[in-house]
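Trainee:
Numbering (mature numbering (1 follows the signal peptide of the UniProt record, and there is no 0)), first residue to last: -24 to -1, 1 to 454.
1) Per the DSSP calculation, residue 258 is bridged to which residue(s)?
2) Would you check if the stretch 394 to 402 and the stretch 376 to 386 touch, i.e. whether three or more CB-CB distances between them fall below 8 Å?
3) Can you tell me whether residue 108 is helix, strand or coil according to DSSP?
4) Since residue 274 is in the beta strand (DSSP E), which residue starts that stretch and which ends it?
5) Assuming the contact rule is C-beta atoms closer than 8 Å, residue 188 and residue 222 should be a hit. Round their C-beta distance to whole Å, please.
6) Tell me the rounded alpha-carbon separation between residue 180 and residue 293.
7) Under the three-state reduction of DSSP, which class applies to residue 409: helix, strand or coil?
8) Can you name the residues that DSSP bridges to residue 80?
9) Run the CB neighbour count on residue 418, radius 10 Å, all protein chains shown included, and call it buried at 16 or more, exposed below.
10) Using 10 angstroms around the beta-carbon of residue 256, count the other beta-carbons present and answer buried if the total reaches 16, otherwise exposed.
11) Do you know whose CA, among 118, 141, 193, lies nearest residue 71's CA?
12) Curious, which full-length alpha helix (DSSP H) runs of at least 4 residues does the stretch 176 to 252 contain?
13) Can you list, in chain order, the residues of its chain with a C-beta nearer than 6 Å to that of residue 123? Leave out the 5 residues immediately preceding and following it.
14) With 16 other CB atoms within 10 Å as the buried threshold, where does residue 320 fall?
15) Locate the alpha helix (DSSP H) running through residue 264, then write down its first and last residues.
16) For the putative contact between residue 92 and residue 26, defined by C-beta atoms under 8 Å, what is the C-beta separation to the nearest angstrom?
17) Let me check understanding here. Comparing Cα to Cα, which of 202, 379, 139, 290 lies closest to residue 264?
18) Go ahead and label residue 103 buried or exposed: buried means 16 or more other beta carbons lie within 10 angstroms of its beta carbon, across all protein chains shown.
19) Checking the sheet assignment: what are the DSSP bridge partners for residue 434?
20) Would you call the CB atoms of residue 280 and residue 332 closer than 7 Å?
21) Please go through the same chain and pick out, in chain order, the residues whose beta-carbon is closer than 7 Å to the beta-carbon of residue 23, but skip the five residues on each side of it.
22) Expressed to the nearest angstrom, what Euclidean distance is found between the alpha-carbon atoms of residue 423 and residue 358?
23) I want to know whether the stretch 401 to 415 touches the stretch 429 to 443 - three or more CB-CB distances under 8 Å.
24) If we ignore side chains and look at the alpha-carbon of each, how far apart do residue 444 and residue 298 end up?
25) Excluding the five sequence neighbours on either side, which residues of its own chain have a C-beta within less than 6 Å of the C-beta of residue 269, listed in chain order?
26) Out of 20, 139, 105, state which residue places its alpha-carbon closest to the alpha-carbon of residue 82.
27) Assign residue 13 to one of two classes, buried (16 or more other C-beta atoms within 10 Å of its C-beta) or exposed (fewer than that).
28) Is the separation between the beta-carbon of residue 161 and that of residue 141 shorter than 7 Å?
29) Is it buried or exposed, residue -2, if we count other Cβ atoms within 10 angstroms and call 16 or more buried?
30) Could you tell me which whole beta strand (DSSP E) segments of length 3 or greater appear in the stretch 268 to 340?
31) To which residues does DSSP link residue 73 through a beta bridge?
32) Check whether the Cβ atoms of residue 232 and residue 117 sit closer than 7 Å, and answer yes or no.
33) Could you pull out every residue in the same chain whose Cβ sits closer than 7 Å to the Cβ of residue 99, ignoring the five residues on either side in sequence?
34) Quick one: what does DSSP say residue 395 is sitting in, helix, strand or coil?
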């Protein structure tokens, strides 16, 4: 009984402690409403107008006059022939937020891309609409900076430090969900550093706060009222929220927006390679101790990579003294590096560690220029039939003179190469980092790998070109 009384006293005392003291380690407000009332006025609704070209010339009833369609009970924008050659107006909705008193607005690039007109509604004042102009945009990060000219004082919000945001912390999303402006949802940070594919910068914050159509470009707030993310994407089979939303981290947004504000564009450093992860099979084929790093599958001529001495087949294990144990962050690592500065890079080439220095530049486009043999030789090995790339074969298959190797003309369906995804029409460029210059050499290289192997089976790593894309395939040589 005494123990119960003591426990009750302690509990009662805790109830008397002010809410903000209980969370003294984190300056969070206890009420969502207190946060929302301060932040909502700075969140804007974005409406864009695009002109979409129609092409009804080949439709058999395109001669039907436009007036015919006006007899149907349809919205005004559809009361014209769908087969007209006149452009159609498409209206899209999105969100954004003001970041200073000058009227600068942050949103997603896909919200305003190709828009002929951008209208902004600030807060709940739907009667007051501002015309916005684009200051700059960046497709790589899906960010854009707009500006409105407001004569009266306007509210704005500030970026926080997304690196300090922790998984499990509560967040608030405010936006123009399905056209309903000022929609507030809440949730927690579900994960950080998510990679979705298709984005250049891929370190999204994942949240279970409801993110729906129209929320794109809107802010994700921490409980202390700072923007820690820009809502960008959802994963949903239906297009609505299923509890998985993604936001661009505020630290990424701050960096990009400051550059757009200064220059109106983003000039990123460029290495000039394509690469893929080192899989366990590739590591086995190259006798590597682990699968860390990025294997180079293509190099642009006269690029910083070529000038630094990087070769196709090299495995980049360190960039600027940072170990590449997660290659998804490699593009961002390069993009965040300084221009015209020597950056240390460590590679593995045929089992040897080599240290190089690369000086990054602004990207350019260069054609490949490689010499090839022109002898029509065909051969088969381990179920793979290949032929030299003659001029006739190049013409028949549409193979560029810039590509060197042997053409796969037939594959045994029982072979390991077939099971691993090698296809007829593929071009084998090199094997275990050795260039394949002829069909005869193709057999020699595979035979040598088999002979050098101390095990019953050996693994060959093939660099393959398919539709001008290079990638690696591993095959087992039994």
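C-beta: ideal position from N, C-alpha, C; glycine also.
Mentor: According to the data block:
1) Bridge pairing for residue 258: absent [DSSP].
2) In this structure the stretch 376 to 386 lies against the stretch 394 to 402, because at least three pairs of beta carbons, one per stretch, are closer than 8 Å.
3) Coil.
4) Start and end: 270 to 275.
5) Between residue 222 and residue 188 the Cβ distance is about 13 Å, and since that is not below 8 Å, they are no contact.
6) Rounded to whole angstroms, the separation of the alpha carbons of residue 293 and residue 180 is 24 Å.
7) Coil, per DSSP.
8) Beta bridge pairing from DSSP links residue 80 with 123.
9) Flag for residue 418 reads buried.
10) Classification for residue 256: exposed.
11) Of the listed residues, the one whose Cα sits closest to residue 71 is 193.
12) Entirely contained in the stretch 176 to 252, the alpha helix (DSSP H) runs reaching 4 residues are, in chain order, 226 to 239.
13) Close CB contacts of residue 123 within its chain, under the 6 Å cut and outside five residues either way in sequence, are with 79, 80, 109, 111 (chain order).
14) By the beta-carbon neighbour count (other beta carbons within 10 angstroms, threshold 16), residue 320 is exposed.
15) Taken as a continuous stretch (DSSP letters only), residue 264 belongs to no alpha helix (DSSP H), as it is neither H nor E.
16) About 6 Å separates the two Cβ atoms, so the contact holds.
17) Comparing C-alpha distances from residue 264 to each of 202, 379, 139, 290 shows the shortest one belongs to 290.
18) That one is exposed.
19) According to DSSP, which records beta bridges pairwise, residue 434 is partnered with 453.
20) No; because the gap between Cβ atoms is not below 7 Å, this pair is not in contact.
21) Closer than 7 Å at the Cβ level, and outside the excluded window around residue 23, lie 67, 69, 95.
22) About 10 Å.
23) The stretch 401 to 415 is in contact with the stretch 429 to 443.
24) Taking the straight line joining both Cα atoms gives about 31 Å.
25) Within the same chain, residue 269 has close Cβ partners 254, 291, 292, 293, 300.
26) Checking every option, the nearest Cα to that of residue 82 belongs to 20.
27) So residue 13 ends up on the exposed side.
28) No, Cβ-Cβ distance for residue 161 and residue 141 is not below 7 Å.
29) Reliability fails at residue -2, whose pLDDT of 36 lies under 50, so the model's placement of it is uncertain and the value that follows must be treated cautiously. Exposed is the call here.
30) Complete beta strand (DSSP E) runs here, min 3: 270 to 275, 291 to 295, 318 to 325, 328 to 335.
31) For residue 73, which the question treats as bridged, DSSP gives the partners 19, 82.
32) In contact: residue 232 and residue 117 (Cβ atoms closer than 7 Å).
33) In the same chain as residue 99, and ignoring 5 residues on each side of it, the C-beta atoms closer than 7 Å to its own belong to 16, 17, in chain order.
34) Three-state DSSP puts residue 395 in a helix.
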